[in-house]
Structures are given as C-alpha cells and as structure tokens.
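To start, the structure itself, in structure tokens.
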C-alpha cells in the first residue's frame, strides 16, 4: 500500500492507494516531531491546539467523490451539434451526447477557436472559471487555465466580490483595507480575544459552518476555549445558525434587510447615554458630528431610536437597548463574517450601509484597543509570517504571472465581461457597469466605467467554460440557461471533472481529472494576495507536495495537459509549457519559495509536506492595535501601501482615519450614487416594505453552505446525501432542505418532509420542508450552492428545478446604483406544497 | 444474562457541533454505501428558558462493529468516528472505566456493545 500526500480546499490529507485504487483518505499523517503547537497564555491558562489537522467534514468523502458516477469519463459531443452544418443551440440543455475520441475533440475545439478568432478577432472568445477550483498552484485556475488564455488572447470575465459585496463596495470607504477587499487584517486576534474580550457579537456570521473559507475545522476549538472561559456570545442572524447551536448564547433575529437599522439604534443608545469612546472618535475618526445629526434625527426628523428600529427589524426595543448597553460595558469583539467582514447581510440591497456601520460601531468603542476588534473567530491564530511560500492570490503563485516562467504572456484584448451580468451581455447588449471586479489597488477602481461590447471589439461567439455550477450560485440564474440556448454563442466548451449544473449545456465536453490524479503543490488554507494570512485559521502552517496518487481515471486528463494539447494545435505549446511537465512547475514553485532554506527538494518530495511552525518566541501584533495607539502599522500586512512609509500610522482611506463621512465617496461617487456620504438605513428594494410582499410574502435567505465547499462535494459525494442538514432523502431522491417557521408552514398546510415549491416570478425550485423554530417567522432558509440543476422539463429555462438551485429565485438587480454586487439575500418568495409527481 | 460489554463509546454531547464527520469517516472506513452507517448524528431542537436550543447526539447502529478490523492494524487504536471527531466529544475505552466516570458528568452518554460484536 502506498501512502501519498495531498491538500484540498478543506485541509491536507494522506491518501492510501492499493493496486492503483484509492482505498482511504484521512487527515495528513505527519510525524509528531514535526508539529510544535503554539501556546497562548491568558487568564492563568495555556491554550494550545492538539497535534491534528481538522479537515472540513466533506473532505472525508473525497474518495467517494473521485470515483463518483458523476465523473465525466470521455470527451463528448452533443448529438445534434455539427460544426459544419446545423449547430442547434436551442437544444443545449436537453440534447444527448455521443462519445468522441480525444483527437477529434481537441481538433474540434482548436479548430473552432481558430475559426472564431480569424473571423471576429481574439475578443470573440471568452472563457470563465468557477470561483474555487481544486487546490494546488499548478492546476489552479490562474495557472493552467489563465496562462493558456492570456497566450491566446480572449475577453476575460471580471469576478464580482461575491461573498463580501458590502465590505468591498462600502466598508472600503470607511476604513480603507481595499487591498483586502474591505475586510480587516486578522493578525493575532485569537490571542487578543482570549486575553481581553468579554463579549463576542456574531453578526451575520456562522464560522462553524464557513470555517474561515479553507481552514477546515481548526478554529472550532478556539470558540470552545472562549466559551468555556466565560466569554458571552450573542448571535444576530435571521437563522439560528450552527455556531449559535453549538455555543448557546443569545439569539437576536432581525428581519432580513434591516441590519443597518439595528446598527443605527445601537449607535443611538450609545450617543444618548454617552457610552462611546469620545477620545477615540475625536482623534481617530472624521465626520462624527454629521453621523450624530443623522442618528439623532436632527436632519430627517427621524431619531434612530430602539423603538424606531424595533418597527423595522421586528426585534423588541428593550432587546436592542440591552444589547447596546452590554456591548458598551464590556470589551467586545464584533464578528461580522468569517474574515471579520463577509456575512449574508452584506449580500443584500444596500449591503454597503450595514458593512460601513459595522466599522463605525466598533470605532465608537475604540476599534483596535485590547479585546475590541472586528474579528470573525476563524482566522488570526499565531502564525509564522516570515517564511514565504506563494499562494494563488500572489502573482508569483500563478503560472500566468509568476517568475517561475520565462515568458509572462499578456492578453492583448482590452474588452471585459462582468460575471453576474454575462448572460445580460450575451442576450441584450450593449451593457454598462462600473468597477473592475476585485478592486485591490485603489478606491478609484470601483468607479472605472465599462461597456460591452467595447468599441473595436467583438461580441462573444465562443464560450469556454471551466467547471460550472452558476445556476446554484449566482443570482437570477435561469438567465444563464437562456444564454446557453442563444444562437449568439456559436460554440460552447465545458471542461470539468464532474457533471455539474452547466455541463449539459455545452457542445463539446472535455473530461478533466481531479487533483488526486495529477502532480501539484500547495499550502493549506492560504489564499495570499487580498487575503494574506487567511490561512491563520489553521493551527499549523503546512505546505503539501500534492502527489499524483492514481492515474487519471477513465479517459480524463489534467487541465494542464488539455490546454497544452490545444496549444500544440494552435502553435502555442512551446510558449505554454516552456518544455515543463507539471512536476517541473511544482519543483520551480518550491525553488522560488523560502522552503529550500529548510529542506531539500528530495526530502520534501519524499516526505510530502513541510510544517512551518510558529516561532517559539513571537511578538504579538494584534490587528489595528497600532492604529488605536497612533503608531505606525506593525503587522506583517504586505498589501498595506502605507506600511513602512511616513504615513504608516494611517488607514487606507482618503483621510487616513475612520470616516463617518466618506471622503472618497465625496470625491469619486458620480451623480445618482446610492451610497450616502454618511451611511444610512435604506429600506430594501425587495424587502418587507416592497409592494411585491402582497404576492410573495416570505423572505428567502441563502447563506453559504455547511456540508459542501460552495458547490464542491455536493452531488458528487453520495455520502453527503445521508446528512439531513445537507440533503434529505424522500422517495429515492435526495432533496435540498428549505427551513420554514412552524407558523408559516401551518398557514400553508405544509408538514415536515413535504416537497414544497419555492417560487416567485423568476422561477420555481422544489425543496423538502424542514419545519423549525430556527428561522424567524416570515423567513425561509435554504443554503445557496446546490451543484445539482435538475429541471422537471429539461431544456426549458423556466422549468421548476428539483435539484435545489434556490439562486434561480434571487434578484439579478445589483446592490444599488453603481454598486455592481450581488444581492442574493433580498429575495421575496411564496411557498406551496408541491403536488407534482416524484422524479 | 449478558456479561458486561468490554468496550464502550463515551459521548460528551455538550461539545458535539453536528459536523457529521463521524458519519462520513465511518462510511469511508467500512466502505458502506450511501444510506448505511454505523453512527448517526441526531439533532434535537427544543425550547428552554424562552430560547431555542439544539443538542446533537451521535448514536450507534447495528452497522457499528467498533472498527474491529481497523483496530487490529498497528497504527490505529481508535474507531474511525472517534479519530475524526472534530469536537473531540467521543472517547473509546473500557466500559468499566467510563462507568466510573459517569457519576461526575452531565450531558454524557455511554454506548456499550455486546461482547463479540
């Protein structure tokens, strides 16, 4: 039996292989001497993590996923697609497929690329990956995929900051941190909390479920320590989430879309009772007087009192007052999302305002002082930040941009698409938007105007999709299905390991292998770049040599191999590979990192991993302590452009301070921008006050899922269908759960276990009813990220979906005018028992 | 009358977070098909003191064999569910030891297995 090493989106693993077949997958087995756990001393206790890598639970199903019946086994061609005759785009999504050989498939794909680019120019090709691919630097999307397309020339699709919209478009104008897309630095916050914090307010945050993105379950024990130490916990969420379930504590359930009102009422209590940090506000912030005027209602005649907020939020005024008083009385940590920021409340109409107010509330309590921070409880453990290893967010961690390559190809096409509105662009051009997707370089980037098609460029004729489950993740997603059936797309390719929601809409399907079938390298949990030190939610830093554990299954090939073979047909192979195999690139990434200072390539390759332990004597530099104390930034935050300069004590805002009145919006925001200079509560354009409530009286919230990594693992790991929090079996089918309050269920004659249809004018999705007091009245909770799109009527974009893609119901409208973000959680629906036949 | 079961699983469900890792670990260990498992996590939702509360309790089915095969392998002395428990709320050991500890514990369940199983 061979034991090989790998790393996944949910943790590092050891893979046991017998006769060329994976027989078990378990958390990475490391030699005990390699693990030197850090120790935090607080309150007469020593806190130290166990010598163990805590995987995200779904990773234990990896073997089942690799051998899933859903794997794409061979190259396929749609039966009624003829590149030299009728292409029949209207039958995408319902027609069958026939097996073709690799040569035929690759000739066809390369031939179509050549034909389209010759006829319409390079901009007529567009290609798009999903947000998270398999782990590993070589196979990652910004490597194998993007190196190929930059060489080729294509219209890239800008990603929207999908999980943290309000922080990106809002909080950046309050405290800077645009290099972190609006979310705070995480450094040493666990130690700070253990030493000083007495209350944690979890606001729209479920870290036990979202696990610090890639960090597995390593931070779960931190919250146990905090709870056992007596730190009080309050959860603000329309859903009594899984962290609340595990931790206990107070649950406050505001109506979705009203979080900003709740925040303003808290500020009102502090201002009227004089329980905020006046000295901090005077020296570390600008514009407080204008905020005070708005909160007290001196300008609009509406004092933002707890009584006022109670009406909006449907939370008793006394609860709001008690929360505000306790918060002011105790050193309080605000956990407003996995990265400090994030959270479903930022993915809704005017979500910018809530995110800005989160920063301002903590500013009123001395943000950065001991125990007072914005910290999600899932990152910020002790970490060795001195040893450098590239991650996918760092240019040097990507084959498209890294110094590991001689040639860094430059895409010559200036045209861009924008992810949430790709279907609108294809179906009804021209379209316009503002903002360069991830705006990490400056606040100004948020205001760059775009038009598609760009003058001098072509509309998209060839769509190359890599992965693909947008029906379950984006907004108003049936438009993607309509897009696929448009004759404007002359050729559609899909390259993936598994059959996913979009696979069956392609003309040609190329089978990729999983990361366990190719060579790679990667550090657990670390995204680098805009999430530098995001891996500090892992108790040990570990770089893993991701081994090719088995040969690619069936006829699949690695993504790198597929692109190299297409490149060969286009005369680009030499520039693409530079003569390197995947293993050669792995070695080069190892060599440019700091690891050769500690061990040789041979030793690393033999052992399969290297643990970068936290130094024995470390100096704690808690996030923003420097700012609170008026010192230059002392955290190891390389993205901070003011760090190590004359203005090192400033934040990344225009004023260098926390801005109650945004100086950047004052300068940059164009007429009609809906972000007021002082953040406001703006009733949702699809919320409890909307006219549509008459027809669709329930609010659907669809937060990030607990038992899958976005769409990964769902549908492809059958074992997950046994977990009733994930899917529930009925009549031989694994349904997606919708959680409904007993009163709302009773009013509609719905019983537990009934199949129900969730619907509005955008579509119909079938789910299984879970009747529970864990959602507030008037709210339906169903996780986003079903990988299974299973229309009752295949090929009809308006068909009810049995798979659970509730994103079909969510609005395509953006957060606000000029704020091009997804507002998934501003969604009105109605519910009824489904009387159709079982699938 | 049965002799006292030799080994038992002790569950401190105060700490179970409902992550279901034990289930998938068990399925992988035994190569059970979907729908079959030696351990199942049950969620119990109730109200107490005017608040919603949730308890999770893993319990063991007839498919649990205490990982007999696994425990005979040198490296592995623990059943897969115990090894992979994210919350460290499960322990495996002699029934008599656990029984002695029960007196001092709250929210603890002890699962025993008939000898020979």
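Chains as they are written, first to last, in the numbering used here: chain H, 402 to 1240; chain Y, 181 to 297. Where is the CB? At the ideal position from N, CA and C, for every residue including glycine.
Measure the alpha-carbon distance for residue i versus residue j and round it to whole angstroms.
{"i": "residue 629 of chain H", "j": "residue 907 of chain H", "result": "53 Å"}
{"i": "residue 535 of chain H", "j": "residue 872 of chain H", "result": "20 Å"}
{"i": "residue 201 of chain Y", "j": "residue 419 of chain H", "result": "24 Å"}
{"i": "residue 590 of chain H", "j": "residue 1022 of chain H", "result": "9 Å"}
{"i": "residue 491 of chain H", "j": "residue 728 of chain H", "result": "58 Å"}
{"i": "residue 488 of chain H", "j": "residue 911 of chain H", "result": "18 Å"}
{"i": "residue 707 of chain H", "j": "residue 722 of chain H", "result": "6 Å"}
{"i": "residue 440 of chain H", "j": "residue 447 of chain H", "result": "6 Å"}
{"i": "residue 1234 of chain H", "j": "residue 486 of chain H", "result": "46 Å"}
{"i": "residue 460 of chain H", "j": "residue 1107 of chain H", "result": "12 Å"}
{"i": "residue 569 of chain H", "j": "residue 453 of chain H", "result": "34 Å"}
{"i": "residue 434 of chain H", "j": "residue 636 of chain H", "result": "39 Å"}
{"i": "residue 651 of chain H", "j": "residue 678 of chain H", "result": "25 Å"}
{"i": "residue 281 of chain Y", "j": "residue 272 of chain Y", "result": "13 Å"}
{"i": "residue 647 of chain H", "j": "residue 206 of chain Y", "result": "22 Å"}
{"i": "residue 913 of chain H", "j": "residue 513 of chain H", "result": "20 Å"}
Please name the residue in the options whose C-alpha comes closest to that of residue i.
{"i": "residue 225 of chain Y", "options": "H/1230, H/1194, H/870 and H/1171", "result": "H/1171"}
{"i": "residue 860 of chain H", "options": "H/525, H/568, H/424 and H/453", "result": "H/525"}
{"i": "residue 1187 of chain H", "options": "H/496, H/969 and H/902", "result": "H/902"}
{"i": "residue 659 of chain H", "options": "H/1104, H/1119, H/1088 and H/704", "result": "H/1088"}
{"i": "residue 733 of chain H", "options": "H/1185, H/773 and H/705", "result": "H/773"}
{"i": "residue 581 of chain H", "options": "H/785, H/840, H/680 and H/781", "result": "H/840"}
{"i": "residue 584 of chain H", "options": "H/700, H/1040 and H/997", "result": "H/1040"}
{"i": "residue 547 of chain H", "options": "H/812, H/691, H/1094 and H/1165", "result": "H/812"}
{"i": "residue 778 of chain H", "options": "H/745, H/616 and H/545", "result": "H/616"}
{"i": "residue 597 of chain H", "options": "H/1159, H/437, H/770 and H/1109", "result": "H/770"}
Flag residue i as yes if its beta-carbon sits less than 8 Å from any beta-carbon of chain Y, otherwise no.
{"i": "residue 990 of chain H", "result": "no"}
{"i": "residue 625 of chain H", "result": "yes"}
{"i": "residue 1050 of chain H", "result": "no"}
{"i": "residue 1025 of chain H", "result": "no"}
{"i": "residue 618 of chain H", "result": "yes"}
{"i": "residue 1120 of chain H", "result": "yes"}
{"i": "residue 1028 of chain H", "result": "no"}
{"i": "residue 600 of chain H", "result": "no"}
{"i": "residue 1108 of chain H", "result": "yes"}
Let me know the secondary structure DSSP gives residue i once reduced to three states.
{"i": "residue 222 of chain Y", "result": "strand"}
{"i": "residue 1060 of chain H", "result": "strand"}
{"i": "residue 925 of chain H", "result": "coil"}
{"i": "residue 633 of chain H", "result": "strand"}
{"i": "residue 425 of chain H", "result": "strand"}
{"i": "residue 242 of chain Y", "result": "coil"}
{"i": "residue 833 of chain H", "result": "strand"}
{"i": "residue 705 of chain H", "result": "coil"}
{"i": "residue 1246 of chain H", "result": "Lying outside 402 to 1240, the shown extent of chain H, residue 1246 of chain H is not represented and no answer is given."}
{"i": "residue 511 of chain H", "result": "helix"}
{"i": "residue 413 of chain H", "result": "strand"}
{"i": "residue 403 of chain H", "result": "strand"}
Which whole-angstrom value is the C-beta distance of residue i and residue j, which I expect to be below 8 Å?
{"i": "residue 1161 of chain H", "j": "residue 1097 of chain H", "result": "5 Å"}
{"i": "residue 967 of chain H", "j": "residue 511 of chain H", "result": "5 Å"}
{"i": "residue 1205 of chain H", "j": "residue 566 of chain H", "result": "Going by Cβ atoms, the distance from residue 1205 of chain H to residue 566 of chain H rounds to 23 Å, so no, they are not a contact pair."}
{"i": "residue 1201 of chain H", "j": "residue 1193 of chain H", "result": "5 Å"}
{"i": "residue 793 of chain H", "j": "residue 929 of chain H", "result": "6 Å"}
{"i": "residue 1216 of chain H", "j": "residue 750 of chain H", "result": "6 Å"}
With a threshold of 8 Å between beta carbons, is residue i in contact with chain H?
{"i": "residue 207 of chain Y", "result": "yes"}
{"i": "residue 271 of chain Y", "result": "no"}
{"i": "residue 200 of chain Y", "result": "yes"}
{"i": "residue 217 of chain Y", "result": "yes"}
{"i": "residue 275 of chain Y", "result": "no"}
{"i": "residue 266 of chain Y", "result": "yes"}
{"i": "residue 227 of chain Y", "result": "yes"}
{"i": "residue 241 of chain Y", "result": "no"}
{"i": "residue 232 of chain Y", "result": "yes"}
{"i": "residue 193 of chain Y", "result": "no"}
{"i": "residue 214 of chain Y", "result": "yes"}
{"i": "residue 204 of chain Y", "result": "yes"}
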